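Asker: Have a look at this one.
Number of protein chains: 2
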Amino acid sequence: MLETIEQTKTKKTDAAEELNAMRDELINLANAAKANKIPVIITIDGWSAAGKGSQIAKLIKFMDPRFYNVEAIRTPNVVELRKPWLHRYWQKLPKQGEFLILDGSWFRDTVNAYMYGEISKTEYKKRIDDINTFERQLADDGYLIIKFFLHITKDEQQERLKKLVSSEITKWRVDDHDIINSDNYSAFFKKYDKTLCRTNTSYAPWHIVPANNKVTAQFSIMMTVTNAIKAACAAKENGGKFEEKPEFPVIDYKPEKFKTVKTRKLKEIDMDKSLTEEEYARKLDKYQEKLFKLQNICYQRKIPVIIAYEGWDAGGKGGNIKRVASALDPRGYEVKPIAAPEPSELARHYLWRFWTRLENDGHFTIFDRTWYGRVMVEPIEKITPQERADMAYQEINEFEKQLTDWGAVVIKFWINIDKEEQYRRFKERENTPAKQWKITDEDWRNREKWDEYETAVDRMVKLTSTEFAPWTIVEGNDKKYARIKALKTICKRIEERLGI
Amino acid sequence: MLETIEQTKTKKTDAAEELNAMRDELINLANAAKANKIPVIITIDGWSAAGKGSQIAKLIKFMDPRFYNVEAIRTPNVVELRKPWLHRYWQKLPKQGEFLILDGSWFRDTVNAYMYGEISKTEYKKRIDDINTFERQLADDGYLIIKFFLHITKDEQQERLKKLVSSEITKWRVDDHDIINSDNYSAFFKKYDKTLCRTNTSYAPWHIVPANNKVTAQFSIMMTVTNAIKAACAAKENGGKFEEKPEFPVIDYKPEKFKTVKTRKLKEIDMDKSLTEEEYARKLDKYQEKLFKLQNICYQRKIPVIIAYEGWDAGGKGGNIKRVASALDPRGYEVKPIAAPEPSELARHYLWRFWTRLENDGHFTIFDRTWYGRVMVEPIEKITPQERADMAYQEINEFEKQLTDWGAVVIKFWINIDKEEQYRRFKERENTPAKQWKITDEDWRNREKWDEYETAVDRMVKLTSTEFAPWTIVEGNDKKYARIKALKTICKRIEERLGI
């Protein structure tokens, strides 16, 4: 894409006036984006010394600073390195109606990591997929993503770097990476170009900005941003979906199709499995000891373990989690109970609150209820339209794939009980003073929708039992059996991952 | 305190049974703490190899893992070092009804930093004050803080370390610090002892646990925790305040008294100040340029700048902030609009949401509305009882002192307009379609309480205009004048800090 760009040398004489007009428009559009609850992400990538920082400063100069956040993306720090690579971008997602403006993005992150030998060619390619997936997930959720690459010629870059270095005030701004970037201009040119092509999608197309001339560059950025927001607002007001007109041929992006393993329907599960007290006591000791040892290895080898618990109300999730947790060194895990989302969570992509709850590598993160609420309670309770919820099967598989690529063992349990057993447990809770807080009207209401839930669970298990993150349906009428099965499954999955 | 501790050598024969009974009790008490919305912090400090980790594991073994979080406190990482030293503890504060259990705490953090020469004697002393203040603020807010120090003798420590090192499986758990701790047992003994004495307060007394014998240590920890929670719940149910019975004489802790500077009442402010368009344009350029340069220096010298905006509705905070923000490199600041707290924020100390919003050192954090809501809107709207809100003057001064100690320049603006000007602006907003979203019924309701607010503001300005974080009342009837005054004040305060 880069070779077709011509650097405009002529200065626009009427630029100042036009820019002022566009600025006023931008302020109004920012308000319109707020009113329409459109979250906007603007990324500014480009060559070292291409003027990314100063273009951002010009872009936002008259916007309301309460509604944007500018972040400079640098080499990931020690804390960021202990999370999936996209984690730091997820973490910064703007709320609906707000702007996130990035000086450098996942694009530069990926090209640099490859060029500096920090990631292999295979990892580089995987990251390209991750980027396309990430941007598609956001676009599908209504995020407007506007991506810029500021292009300058080699001569221009060298001149600018020389000028920066020659002044006491600015020389600290030039670092080793800038010099390497410039010394290897043609190698970077090739890699930038390829990466631009590979991430030029219909839902997040690139805007290549000739940036030898700062005024025309500013003009071009401002124009693109205003047009995109205007069109996105218009589309939203008309209930339609918005896509920017791409400047270059887009790639034919197709979401990855994940192979799933054979699963059973809940109806097909043998619910009579049980253990005697003696078997239970023996096996509990055995698997808790084993798990403790495995945790030690995971900690040392920095392998993250993600355990997701779903199941019927009163299925016994709490007690099950307790037996897993009490096997572990408490400094190495955290249990995340998932309740109804808070306002700041509702204002972002639904996966945001799970991304931001991930513990460091080497640690266990245990979710008590999970991202699967998206395809169960949300459509059934009409919190999310069925069509939007249906998109989550793919999104969730992608999410779990990215966790797996990070190195995580992803283990998912559906704790299953039958309808009679649930009734018995509800009644017992009602009749036991110490347990009454555990049973609410909502539990009874959910119970009335048993069949709807069962259909949703069957579908979820079928569609999201990927090879890397299969569901384990746990026969839960007997709590002892269920606990041992969960412990055993966790040990087995970790051993597979460790190759022992 | 340490020299009076005798290590019990006798093993309790009936320990197992008693421990089981206590465990059951602990589970019930954890539920009671949840029901009573008491947040609990348990810190386990002590010698290297004193068994902190395994004691924690035993303590929580049967608790519900959804309601506790165990954190191991290590040497602060690069990200933590860019925040005030207590930031990482604030960040981890448990919600009401939840448990935070720390393996190592601000106590060890402080002793180690001093012993390893990372902080000076003066800084060490300042940290002792910070600890006592921090714990008092939490205790005043209803947090139950239970602090343990696990004490082992020199011989016992050396034996344990030797054993750990001799096994392939455990030797990685012994690090340089452990060896240094042991090699310098008597020096650490002295420093531990002094620090224990200096942080032994009535609201957060120490429990010294003789830990040569692991069973009696466990017994003692369990007993202390159950007793403390039981008493705290009883006190809460009776509407009283709870304090643990101290085992050692407590220090006579008195909150620091801060000198305040002379201030004026709002009534005494000359509201006729204004600037012509020409003066405004000239000064805006001048001070924005100056501020940009100062930001550059702050960034390089890692000086944080905290700017707090308060003021009457329609006072012009937004436009004022915009002029400050647009002077700055956007990668170096963030504006934090403060709205009504979310559930997760309401469930913690009210300062939590401000601590967790602090940007890194070298950055500007601009708050649009602040922690001062505590002494204005909260008591006036009966969200917080007046007596509790009144405690905030001291708490806020302490907070701002800690920010100043961190190195921050703390600048606070009250944007003042008179009642007629507010009426004019409200009406203008109502009559301008593009501004209608800015005016709500709540604004009119607040206006009716003008006098109450004025009294609260006068009091707030008087009581929290400390020498290190004085209020600047900005005459805001003329927006131009107000903007220049804010910019000028920011520049002046930063220059003072830089000594230029």
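Quick note, the sequences are listed as chains D and Y, same order.
Under the working numbering, think of the first position of the first sequence as -5, with each following residue one higher.
Under the working numbering, think of the first position of the second sequence as -5, with each following residue one higher.
Here a beta-carbon is modelled for each residue, glycine too, at the ideal position from N, C-alpha and C.
None of the values given here were measured: they were computed from a predicted structure.
1. When the Cα of Ala428/D is compared with those of Arg17/Y, Glu422/Y, Asn440/Y and Ala26/Y, which residue comes out closest?
2. Would the region 308 to 322 of chain D count as touching the region 256 to 275 of chain D if we require 3 or more Cβ pairs under 8 Å?
3. For Trp79/Y, would you say it is in contact with chain D, using Cβ-to-Cβ distances shorter than 8 Å as the test?
4. List, in order along the chain, the chain D residues whose C-beta lies closer than 8 Å to that of Ala44/Y?
5. Where does Val455/D fall in DSSP's three states?
6. Ignoring anything shorter than 3 residues, give me the beta strand (DSSP E) runs that lie fully in the region 33 to 111 of chain D, in order along the chain.
7. Starting from Thr147/Y and walking both ways along the beta strand (DSSP E), at which residues does that stretch end?
8. Using a Cβ-Cβ distance under 8 Å, would Pro298/Y count as near chain D?
9. With a Cβ-Cβ cutoff of 8 Å, do Tyr137/D and Glu92/D count as a contact?
10. Taking the alpha carbon of Val299/Y as the point to measure from, which residue in Val255/Y, Asp399/Y and Val468/Y has its own alpha carbon closest?
11. Tell me the start and end of each unbroken beta strand (DSSP E) in the region 310 to 350 of chain D that is at least 3 residues and wholly inside, in chain order.
12. Compute the Euclidean distance between the alpha carbons of Ile163/D and Gln294/Y, then round it to the nearest angstrom.
13. Suppose the cutoff is 8 Å on Cβ atoms and the five residues either side in sequence are ignored; what does the same chain contact list for Met385/Y look like?
14. How many angstroms separate the CA atom of Leu285/Y from the CA atom of Gln430/Y?
15. Please decide whether Ile146/D counts as near chain Y, where near means a Cβ-Cβ distance under 8 Å.
16. For Trp166/Y, which three-state DSSP category applies?
17. Going along chain D, which residues have a C-beta under 7 Å from Ser160/Y?
18. With which residues is Tyr303/D paired in a DSSP beta bridge?
19. Taking only the alpha-carbon atoms, compute the straight-line gap between Ile146/D and Gln1/D and give it to the nearest angstrom.
20. What residues from chain D crowd round Arg325/Y, counting only those whose CB sits closer than 8 Å?
21. How would you write the range of the alpha helix (DSSP H) that Trp438/Y sits in, first residue to last?
22. Kindly say whether Gly305/Y, judged by its beta-carbon, lies nearer than 8 Å to any beta-carbon of chain D.
23. Which chain Y residues are close to Asn496/D, counting only those with a beta carbon under 7 Å from its beta carbon?
24. Quick check on Val329/D - is its C-beta less than 8 Å from some C-beta in chain Y?
25. Could you tell me the boundaries of the alpha helix (DSSP H) in which Pro373/D lies?
26. Excluding the five sequence neighbours on either side, which residues of its own chain have a C-beta within less than 6 Å of the C-beta of Gly470/Y, listed in chain order?
27. Are Phe143/D and Trp200/D touching if we call contact CB-CB under 8 Å?
28. Taking the beta carbon of Ser160/Y as the centre, do at least 16 other beta carbons fall within 10 Å, making it buried, or is it exposed?
29. May I have the straight-line CA-CA distance separating Lys248/Y from Lys330/D, to the nearest angstrom?
30. Any Cβ of chain Y within less than 8 Å of the Cβ of Pro33/D?
31. Counting only Cβ-Cβ distances shorter than 9 Å, please list the residues of the region 349 to 374 of chain D near chain Y, keeping chain order.
32. Along the region 481 to 492 of chain D, what residues have a CB closer than 8 Å to any CB found in chain Y?
33. Counting only beta-carbon atoms, is Gln294/D nearer than 8 Å to chain Y?
34. Would you say Met217/Y and Leu20/Y are within 8 Å of each other, going by their C-beta atoms?
35. I'd like to know if the region 476 to 492 of chain D and the region 190 to 198 of chain Y are in contact, where contact means that at least 3 CB-CB pairs between them fall below 8 Å.
36. Taking only beta-carbon atoms, is Ile332/Y less than 8 Å away from chain D?
Answerer: If we stick to the structure as given:
1. Taking the first residue of the first sequence as position 1, residue 428/D is located at position 434. Among Arg17/Y, Glu422/Y, Asn440/Y and Ala26/Y, the Cα nearest to that of Ala428/D belongs to Ala26/Y.
2. no
3. Residue numbering aside, residue 79/Y sits at position 85 when the second sequence is read from its first letter. Chain D, which has no Cβ nearer than 8 Å to the Cβ of Trp79/Y, makes this no.
4. The residue given as residue 44/Y occupies position 50 in the second sequence. Those within 8 Å of Ala44/Y in chain D number zero; the least Cβ separation is about 15 Å.
5. Here residue 455/D corresponds to residue number 461 of the first sequence, with the count starting at 1. It is helical.
6. 34 to 40, 62 to 66 and 93 to 97
7. Residue numbering aside, residue 147/Y sits at position 153 when the second sequence is read from its first letter. Looking at the DSSP string, Thr147/Y is not in any beta strand (DSSP E), and its letter there is neither H nor E.
8. Numbered from 1 along the second sequence, position 304 holds the residue referred to as residue 298/Y. Not one chain D Cβ lies under 8 Å of Pro298/Y.
9. One-based indexing of the first sequence puts residue 137/D at position 143. One-based indexing of the first sequence puts residue 92/D at position 98. No, the Cβ-Cβ distance between Tyr137/D and Glu92/D is not below 8 Å.
10. As a first step, residue 299/Y must be located in the second sequence, where it is residue number 305. Cα-wise, what sits closest to Val299/Y is Asp399/Y.
11. 327 to 331
12. Taking the first residue of the first sequence as position 1, residue 163/D is located at position 169. Taking the first residue of the second sequence as position 1, residue 294/Y is located at position 300. One C-alpha to the other measures close to 11 Å.
13. Locating residue 385/Y in the second sequence gives position 391, counting from the first residue. Hits under 8 Å: Asp134.
14. Translated into the one-based positions of the second sequence, residue 285/Y becomes position 291. Translated into the one-based positions of the second sequence, residue 430/Y becomes position 436. The alpha-carbon atoms of Leu285/Y and Gln430/Y are separated by roughly 33 Å.
15. For this step, residue 146/D is matched to residue 152 along the first sequence. For Ile146/D, the answer is no, since every Cβ of chain Y falls outside 8 Å of its Cβ.
16. On the second sequence, position 172 is the one that residue 166/Y refers to. Note: Trp166/Y maps to helix in three-state DSSP.
17. The count along the second sequence starts at 1 and reaches residue 160/Y at position 166. Within chain D, no residue comes near Ser160/Y; the closest Cβ sits about 17 Å away, beyond 7 Å.
18. For the purposes of this step, residue 303/D is taken as the residue at position 309 of the first sequence. BP columns for Tyr303/D point to Asp362/D and Phe407/D.
19. As a working note, residue 146/D is residue 152 in the first sequence. As a working note, residue 1/D is residue 7 in the first sequence. Spanning the two alpha carbons is a distance of roughly 8 Å.
20. Within the second sequence, numbered from 1, the residue matching residue 325/Y stands at position 331. Ordered by position in chain D, the residues that pass the 8 Å Cβ test against Arg325/Y are Gly47, Ile50, Val64, Glu65, Ala66 and Asp97.
21. Here residue 438/Y refers to the residue found at position 444 of the second sequence. Where Trp438/Y is concerned, the enclosing alpha helix (DSSP H) stretches over Asp435 to Glu442.
22. Against the second sequence, residue 305/Y aligns to sequence position 311. Chain D, which has no Cβ nearer than 8 Å to the Cβ of Gly305/Y, makes this no.
23. Residue 496/D cannot be examined here, being either before or after the span of chain D that is shown, -5 to 494.
24. If you number the first sequence from 1, residue 329/D lands on position 335. Judged by the 8 Å Cβ criterion, Val329/D is in contact with chain Y.
25. Along the first sequence, read from residue 1 onward, the residue named residue 373/D stands at position 379. It spans Val371 to Ile374 - the alpha helix (DSSP H) in which Pro373/D sits, taken as one unbroken run.
26. Residue 470/Y sits at position 476 when you count from the first residue of the second sequence. Excluding positions up to five away in sequence, the list reads Gly309, Gly310, Ile409, Asn410, Ile411 and Ala476.
27. If you number the first sequence from 1, residue 143/D lands on position 149. If you number the first sequence from 1, residue 200/D lands on position 206. Against a cut-off of 8 Å, the Cβ pair of Trp200/D and Phe143/D comes out as a contact.
28. Working through the second sequence from its first residue, we reach residue 160/Y at position 166. Ser160/Y is exposed by the Cβ-count criterion.
29. Counting from one through the second sequence, the residue named residue 248/Y turns up at place 254. Counting from one through the first sequence, the residue named residue 330/D turns up at place 336. Cα to Cα, Lys248/Y sits roughly 39 Å from Lys330/D.
30. By one-based count along the first sequence, residue 33/D stands at place 39. Closer than 8 Å: no.
31. Listed by position, the residues of the region 349 to 374 of chain D near chain Y (Cβ gap below 9 Å) are Ile360 and Asp362.
32. none
33. Taking the first sequence and counting its residues from 1, one reaches residue 294/D at position 300. Output row for Gln294/D: interface = yes.
34. For this step, residue 217/Y is matched to residue 223 along the second sequence. For this step, residue 20/Y is matched to residue 26 along the second sequence. Their beta carbons are not under 8 Å apart, which means Met217/Y does not touch Leu20/Y by this criterion.
35. Remark: fewer than three beta-carbon pairs, one from each stretch, lie closer than 8 Å, so the region 476 to 492 of chain D and the region 190 to 198 of chain Y are not flagged as touching.
36. Residue numbering aside, residue 332/Y sits at position 338 when the second sequence is read from its first letter. No, Ile332/Y does not count as interfacial toward chain D.
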